[in-house]
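Colleague: I'd like to ask you about the structure that follows.
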Amino acid sequence: MFAKKLLHKATKHHHHLQQQQQQQNLKGCLTPDDLDFRIAVHYGIPSTASILAFDPIQRVLAIGTLDGRIKVIGGDNIEGLLISPKQIPFKYLEFLSNKGFLVSISNDNDIQVWNLENRSIASSMQWSSTITSFSVIYGSFFMYVGDDNGLMSVLKHEEDGELLLLPYHLSAKSLTEAAESSFPDRQTVVGVLHQPCSSGNRVLIAYESGLIILWDIFEAQVVVVRGDKVLELKDGVVDCSGQPEHDLEEKEITALCWASSNGTVVAVGYIDGDIMFWKTSTTGSSKKQKTASSNNNVVRLQLSSAKRKLPVIVLHWSANTKSQNDGDGQLFVYGGDEIGSEEVLTVLSLEWSPGMETLRCVGRAEITLIGSFADMSLLPSAINNHGADLLVLTSPGHLQIVNHKNLSALTTEHEKRITLSSLDCPVVVPTFNPVLSAAKLISLVGSEKTSKFLLEIATNVKVNATQKLAEGSWPISGGIVHQFTSPDGYVIERIYVAGYMDGSVRIWDATSPVLSVLCVIGAMKDVEVSGSTSPVSELNLCSSTSQLAVGSQLGLIRVYNLNSSPNETDLHIVTGIKQEVHKQPQGGGPACIASFHLLDSPVQALQYIDHGAKLAAAHECGRVAVLDMNSFSVSFLTESLPNLSSPVISMAWKSFLYNGGRVKSPKDAGPKSVDKNLEKLMFVSTKDAKLYVFDGNNRMINSKPTQLKKDTTAISMHIIEESTSSVEQKESTELTKDVVAGNEPTSETDQHKTEHISSGHNAMDSLILLCCNDALCLYRLKSVVQGNEKPLLKVKLEKHCCWTSTFRKDEKSCGLVLLYQTGELEIRSLPDLELVKVTSLMSIIRWSYKANMQRTMCAAENGQIAMINGSEVALLSLLKSDDDLRVTESFPSLHDKVLAAAVEAVISSSHNQKKKQGIPRALVNILKGFKGGKPNNNINVSEDFKYGFSNLDGIFSKNPFPDPLESNINNQEDVELDIDDIEIDEPVSISIPTSSNTKQKEETGKRSDREMLLDGDNDEPRVRTREEIIAKYRKNAGDASSVAAQARNKLLERQEKLERISKRTQDLNNEAEDFASLANELVKAMERRKWWQI
5 MFAKKLLHKA
15 TKHHHHLQQQ
25 QQQQNLKGCL
35 TPDDLDFRIA
45 VHYGIPSTAS
55 ILAFDPIQRV
65 LAIGTLDGRI
75 KVIGGDNIEG
85 LLISPKQIPF
95 KYLEFLSNKG
105 FLVSISNDND
115 IQVWNLENRS
125 IASSMQWSST
135 ITSFSVIYGS
145 FFMYVGDDNG
155 LMSVLKHEED
165 GELLLLPYHL
175 SAKSLTEAAE
185 SSFPDRQTVV
195 GVLHQPCSSG
205 NRVLIAYESG
215 LIILWDIFEA
225 QVVVVRGDKV
235 LELKDGVVDC
245 SGQPEHDLEE
255 KEITALCWAS
265 SNGTVVAVGY
275 IDGDIMFWKT
285 STTGSSKKQK
295 TASSNNNVVR
305 LQLSSAKRKL
315 PVIVLHWSAN
325 TKSQNDGDGQ
335 LFVYGGDEIG
345 SEEVLTVLSL
355 EWSPGMETLR
365 CVGRAEITLI
375 GSFADMSLLP
385 SAINNHGADL
395 LVLTSPGHLQ
405 IVNHKNLSAL
415 TTEHEKRITL
425 SSLDCPVVVP
435 TFNPVLSAAK
445 LISLVGSEKT
455 SKFLLEIATN
465 VKVNATQKLA
475 EGSWPISGGI
485 VHQFTSPDGY
495 VIERIYVAGY
505 MDGSVRIWDA
515 TSPVLSVLCV
525 IGAMKDVEVS
535 GSTSPVSELN
545 LCSSTSQLAV
555 GSQLGLIRVY
565 NLNSSPNETD
575 LHIVTGIKQE
585 VHKQPQGGGP
595 ACIASFHLLD
605 SPVQALQYID
615 HGAKLAAAHE
625 CGRVAVLDMN
635 SFSVSFLTES
645 LPNLSSPVIS
655 MAWKSFLYNG
665 GRVKSPKDAG
675 PKSVDKNLEK
685 LMFVSTKDAK
695 LYVFDGNNRM
705 INSKPTQLKK
715 DTTAISMHII
725 EESTSSVEQK
735 ESTELTKDVV
745 AGNEPTSETD
755 QHKTEHISSG
765 HNAMDSLILL
775 CCNDALCLYR
785 LKSVVQGNEK
795 PLLKVKLEKH
805 CCWTSTFRKD
815 EKSCGLVLLY
825 QTGELEIRSL
835 PDLELVKVTS
845 LMSIIRWSYK
855 ANMQRTMCAA
865 ENGQIAMING
875 SEVALLSLLK
885 SDDDLRVTES
895 FPSLHDKVLA
905 AAVEAVISSS
915 HNQKKKQGIP
925 RALVNILKGF
935 KGGKPNNNIN
945 VSEDFKYGFS
955 NLDGIFSKNP
965 FPDPLESNIN
975 NQEDVELDID
985 DIEIDEPVSI
995 SIPTSSNTKQ
1005 KEETGKRSDR
1015 EMLLDGDNDE
1025 PRVRTREEII
1035 AKYRKNAGDA
1045 SSVAAQARNK
1055 LLERQEKLER
1065 ISKRTQDLNN
1075 EAEDFASLAN
1085 ELVKAMERRK
1095 WWQI
């Protein structure tokens, strides 16, 4: 008895030591240095989108969010995502138009300038006070910033990336004193707009209390003052509701915009819902305009007659291009209606009388919003000056667009109130319409045949798409897609396949960061198949046979052949009771060749076996069907598992050479005995964490499944291959050669069958990883087959896990990704399951975990994860060595340098009258259409660029209202004093500062031509002693002619310098001519571009 216990104890100890040794041999090869989380692809608009910006020249749209992200959208499926270090909403977002930079201001007053070329922050500045208004001088690097202290400041972004705060600033006190008006010292600046057609020389400043001042930067004086409570309303005010006039009172400004193309009228919205049109044109002297009270300078407009109205929150104006009056156009208003009314966007068509005396509202329309209003933007026409499209952003992350044709039709509906319909903006990867229900990320490396078939299908699809776009083009078309290979030699390496709730399937080319749709598989029209429109639950693709399997929630399995044929194809319909064959015409896309409907249970897993010869389908009810893809018949259907209440969650097949329970070496097996000795095992895991093993003849290996002692919920199951030695690889290669060299003919499927057959020993050394919501269990495949329930390694998880996936490095399984319900991502090495790195969706992409997010997640073997959150679709790259989607050159460019250079060349050429005839007409039309910008959507670019902005550098380098004490100190610092300069016996001369601050500032630091020539200083003239004169001018003692000779030499040097400057000027003129020629060539090249280059 004692010996028996001792033997049992020794055996148990031996097994324990053996297990410890096996665990020590499980050493992972993944390190933290191998990992680098990066967003390779991002599509869709975040649900937290809140603000819009548009570059009318580059045709690029930017969308800011409440969580510190910026979505940038161009044409040709170009989309990018910028992530700010701070998770704070943006309150201002503006492009430096055609410069390749985007400016954002967050709620904590952090100013960031983004470089669109390298998608990073070029410069930033933390503002000390609260920023309450912001605008960019269109076409320049200058920016206006207004704050709650009543101060307007000027910023400039240098081309080298530095953001500068210039000395120029205007305080409310200084402006009111210059305007000779009484005004509280501390007033918030609520609007800063540079006046159109002024080359940036004039700026309109609006204060919260209602005061509006037009300031001339060049002349440093007030042009007009509007908004004073002493002004009266003009007779005949426009009142859409028929409300009687009231006396104008001081009230808070909430929105404003220019309401004329030349900047003579500004529309101002107030907190009480009123809209005022203030005229800024001057007919008399500036002095009279600043002080006189006129009743012809303002017109009131009211959207509702209600006493309590909503504040006017947003105002935009678009010019009527068909009208000769600069003030005629359309006003877009959000707010101003009765409190409690339906949330709509109001569009008013306005016309002024010839003398700008009266204003008429000739049309009114309302746009019903889908969701809560967030922001709006006008997208001017790029080619022809036909008006602008209206883009509306609503919550959560929805874009509506109203075509300019529909907006222009509003003018024909005189004095009628109509409702305009909007269209949803196109999306690259739909997630809501229709609803995405299943997805797969599949590698096609080494599958040139499947790539060829997909490209042939895509050619037909793109031709049709081009015809549809011709009817109504999408106004956002900016950015450049980099193409490294010609269309003839292009090979698809990766595809993204998505199934939808309506039964449709879409396939995208995911080789590069720019996804392009290859084909759309819709409903079956020619042959009626029950359940063909049911939601898709599972997808799988066999690259060997180019077949796509689609499983649905009603149990239907459809098989499509990607090799489209011009002839009719046979459709095999197989059910539990009959089998039919139908003829169907070919429509140019993938053809459905088979339909299996054996069980009314959702398809949980699909897997091709023997390189496409068979298809295994696991249903939720616990039964597995093996389908023959050659004869389109049912090979076998397993019986239901013992526990019907626990559905199947994973299925995997394993093939190896096995003979009567004995491993047989591949070199001992002849070509004819490969199929005979090739054993297949099917591993099925259920939700209650049980593992079942079946052989290829539908027999359960063990009557009792492998299961854990503690009840848990299984998530997934993975088979981890052990690395094969060089000897085993050589033996497998020799076996393949022997089979191919056999006398019997072999089919293509049979040839593929022998390519990756593992030896029985190597197959039995594989590992099975069962992932549960609270634990990870690692088993030897041999132990599972033998019915051993004890795992080789078990790791308990502290949080609830909801999704897992394995990935490979250097053709070997090396890592495991786990997603928790908290949104955390965990990376563990294989096979030791050691923790390598922890991160989260929030830190990577600013996502929070949502229920059932894991259902649409998928991963590729090389560490790429595709996931969906609302309307967003992202592809994350985990491995640092993954060069497929990490090469910077492969990312699309968000800034078109060629277009920017062409536009600058046209503008530069317009300065010279001799080159006017050489300007490309197409680019001139483009310039005519470049009207836009958030605060002012109707700026005449050609006028604003006519003289450039070089004069602003000098103006903004000085303070227009310097402090007198500071000015005197500066003047004193310019005089260098010495002890010898003090003359006691002579009277002291006191210099009196000039009364004009501007004149004083201009004189400070300047030298006359004579002083510049003779290197003189700014000292006051005085009688010098003989010793001072000799020390200053005599270089060689006794040589009186040396001074004159030196002066002549200096004059000659300056003459040579002027000649070099003249030569450089001529070179620059020649370069301008070359740029004009480049612009001509660009137009010709764009006209010759083919569809695949668009």
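Each number in this note's numbering comes from the position in the sequence shown (counting from 1) with 4 added on. Just so you know, even glycine gets a beta-carbon here, dropped at the ideal spot from N, CA and C.
1. Would you kindly check if the distance between the Cβ of Ile-216 and the Cβ of Ala-224 is under 8 angstroms?
2. Is there at least one Cβ from chain C nearer than 8 angstroms to Asp-164's Cβ?
3. Nearer than 7 angstroms: is that true of the beta carbon of Asn-1074 relative to any heavy atom of the ligand FMN?
4. Spell out the partners DSSP gives Val-628 in its beta bridges.
5. Report yes or no: do the stretch 316-334 and the stretch 262-279 share at least 3 C-beta pairs separated by less than 8 angstroms?
6. Do Leu-883 and Ala-870 have their beta-carbon atoms positioned less than 8 angstroms apart in this structure?
7. Can you give me the start and stop residues for the alpha helix (DSSP H) that His-46 sits inside?
8. Could you spell out where the beta strand (DSSP E) holding Gly-344 opens and where it closes?
9. Can you give me the C-alpha to C-alpha distance between Leu-445 and Gln-404, rounded to a whole angstrom?
10. Based on DSSP bridge pairs, tell me the residues matched to Gly-267.
11. Pairing CB atoms from the stretch 685-692 with CB atoms from the stretch 649-656, are three or more of them under 8 angstroms?
12. With a threshold of 8 angstroms, are at least 3 pairs of Cβ atoms found where one atom belongs to the stretch 150-157 and the other to the stretch 114-127?
13. Could you tell me whether the stretch 46-55 touches the stretch 68-80, using the rule of 3 or more Cβ pairs below 8 angstroms?
14. Where does Pro-171 fall in DSSP's three states?
15. Measure from the alpha carbon of Val-348 to the alpha carbon of each residue in Trp-356, Glu-355, Leu-354 and Gly-339, then state which is nearest.
16. Out of Cys-818, Lys-708 and Lys-714, which has the shortest C-alpha to C-alpha gap to Asn-792?
17. Grab me the residues of Arg-1014's own chain with a C-beta within less than 6 angstroms of its C-beta, minus the 5 sequence neighbours each way, in chain order.
18. Between the alpha carbons of Val-731 and Leu-106, how many angstroms are there, rounded?
19. Tell me the residue span of the beta strand (DSSP E) that contains Glu-876.
20. Considering only residues of the same chain and omitting the five flanking positions on each side of Ser-1081, which have a CB-CB separation below 7 angstroms?
21. Thinking C-alpha only, which one of Leu-834, Asp-614 and Gln-825 is nearest Thr-810?
22. Looking only at C-alpha atoms, which of Leu-411, Lys-816 and Gly-375 sits nearest to Ile-422?
23. Below 8 angstroms, can you find three or more Cβ-Cβ pairs linking the stretch 766-782 to the stretch 709-728?
24. Name the one or two DSSP bridge partners that Asp-428 has.
25. If I'm right that Ser-385 touches Val-406 with Cβ under 8 angstroms, what's the distance once you round it to whole angstroms?
26. Assign Lys-255 to one of three DSSP states: helix, strand, or coil.
27. Could you check the C-alpha separation between Val-303 and Asn-1084 for me, to the nearest Å?
28. For Phe-1079, which residues in the same chain have their Cβ closer than 6 angstroms to its Cβ, ignoring the five residues on either side in sequence?
29. Whose C-beta lies closer than 6 angstroms to the C-beta of Cys-546 among residues of the same chain, with five residues either side of it excluded?
30. Between the alpha carbons of Leu-100 and Val-140, how many angstroms are there, rounded?
31. To which residues does DSSP link Glu-98 through a beta bridge?
32. On the criterion of 16 or more Cβ atoms from any shown chain inside 10 Å, does Glu-1060 qualify as buried, or is it exposed?
33. If we count the other Cβ atoms within 10 Å of its Cβ and call it buried at 16 or more, is Gly-450 buried or exposed?
34. Enumerate, from N- to C-terminal direction, the unbroken beta strand (DSSP E) stretches of 3 or more residues contained entirely within the stretch 326-380.
35. Under a Cβ-count criterion, where at least 16 other Cβ atoms within 10 Å of its own Cβ denotes burial, should His-402 be classed as buried or exposed?
Modeller: By the coordinates alone:
1. For the purposes of this step, residue 224 is taken as residue 220 along the sequence shown, with counting starting at 1. For the purposes of this step, residue 216 is taken as residue 212 along the sequence shown, with counting starting at 1. No, these two residues do not count as a Cβ contact at 8 angstroms.
2. As a matter of chain content, chain C is missing from the structure shown, which is built from one protein chain.
3. Absence of the ligand FMN from the depicted structure is noted, as is the absence of any ligand whatsoever, leaving it without description.
4. Here residue 628 refers to the residue found at position 624 when the sequence shown is read from its first residue. For Val-628, which the question treats as bridged, DSSP gives the partners Ala-622.
5. yes
6. Within the sequence shown, residue 870 is the residue found at index 866, counting from 1. Within the sequence shown, residue 883 is the residue found at index 879, counting from 1. Not in contact: Ala-870 and Leu-883 (Cβ atoms no closer than 8 angstroms).
7. The residue given as residue 46 occupies position 42 in the sequence shown. Note, His-46: premise wrong, no alpha helix (DSSP H); beta strand (DSSP E) at 39-47.
8. By 1-based counting over the sequence shown, the position of residue 344 is 340. First-last for Gly-344: undefined, no H or E at that position.
9. Mapped onto the sequence shown, residue 445 falls at position 441. Mapped onto the sequence shown, residue 404 falls at position 400. So the alpha carbons of these two residues sit roughly 30 angstroms apart.
10. On the sequence shown, position 263 is the one that residue 267 refers to. DSSP output for Gly-267 lists no bridge partner at all.
11. yes
12. no
13. yes
14. Residue numbering aside, residue 171 sits at position 167 when the sequence shown is read from its first letter. Strand, per DSSP.
15. In the sequence shown, the residue the question calls residue 348 occupies position 344. Out of Trp-356, Glu-355, Leu-354 and Gly-339, Gly-339 has the C-alpha closest to the C-alpha of Val-348.
16. Here residue 792 is taken as the residue at index 788 of the sequence shown, counted from 1. Comparing Cα-Cα distances from Asn-792 to each of Cys-818, Lys-708 and Lys-714, the minimum goes to Lys-708.
17. Taking the first residue of the sequence shown as position 1, residue 1014 is located at position 1010. In this prediction, Arg-1014 scores a pLDDT of 45, lower than 50, which makes its location untrustworthy; no coordinate-derived value is stated.
18. If you number the sequence shown from 1, residue 731 lands on position 727. If you number the sequence shown from 1, residue 106 lands on position 102. Low local confidence applies: a pLDDT of 30 at Val-731 is under 50, so the model's placement there is unreliable, and no value is given.
19. Indexing the sequence shown from 1 puts residue 876 at position 872. 876-883 is the span of the beta strand (DSSP E), which, as asked, contains Glu-876.
20. Start at 1 with the first residue of the sequence shown, and residue 1081 comes out as number 1077. Around Ser-1081: no qualifying Cβ.
21. Sequence index remark: in the sequence shown, residue 810 carries index 806 (1-based). Among Leu-834, Asp-614 and Gln-825, the Cα nearest to that of Thr-810 is on Leu-834.
22. Locating residue 422 in the sequence shown gives position 418, counting from the first residue. Nearest of Leu-411, Lys-816 and Gly-375 to Ile-422, Cα basis: Leu-411.
23. yes
24. Taking the first residue of the sequence shown as position 1, residue 428 is located at position 424. Beta-bridge pairing links Asp-428 to Gln-404.
25. By one-based count along the sequence shown, residue 385 stands at place 381. By one-based count along the sequence shown, residue 406 stands at place 402. In fact, because the Cβ distance is near 14 angstroms, the residues do not count as touching under 8 angstroms.
26. In the sequence shown, counting from the first residue as 1, residue 255 sits at position 251. Note: Lys-255 maps to coil in three-state DSSP.
27. Locating residue 303 in the sequence shown gives position 299, where the first residue counts as 1. Locating residue 1084 in the sequence shown gives position 1080, where the first residue counts as 1. Computed Cα separation, rounded: 47 angstroms.
28. Looking up residue 1079 in the sequence shown gives position 1075. If we look at Phe-1079 and ignore the five residues flanking it on each side, its Cβ neighbours are Ala-909.
29. Taking the sequence shown and counting its residues from 1, the one referred to as residue 546 is at position 542. So the qualifying residues of the chain are Tyr-612 and Gly-616.
30. Here residue 100 refers to the residue found at position 96 of the sequence shown. Here residue 140 refers to the residue found at position 136 of the sequence shown. If I take the Cα positions, the gap works out to 7 angstroms.
31. Looking up residue 98 in the sequence shown gives position 94. Note: Glu-98 sits in a beta bridge opposite Val-107.
32. The residue labelled residue 1060 in the question sits at position 1056 within the sequence shown. Glu-1060 comes out exposed.
33. Looking up residue 450 in the sequence shown gives position 446. Gly-450 is exposed by the Cβ-count criterion.
34. 333-339, 348-356 and 363-372
35. The count along the sequence shown starts at 1 and reaches residue 402 at position 398. Buried, because 16 or more other Cβ atoms sit within 10 Å of the Cβ of His-402.
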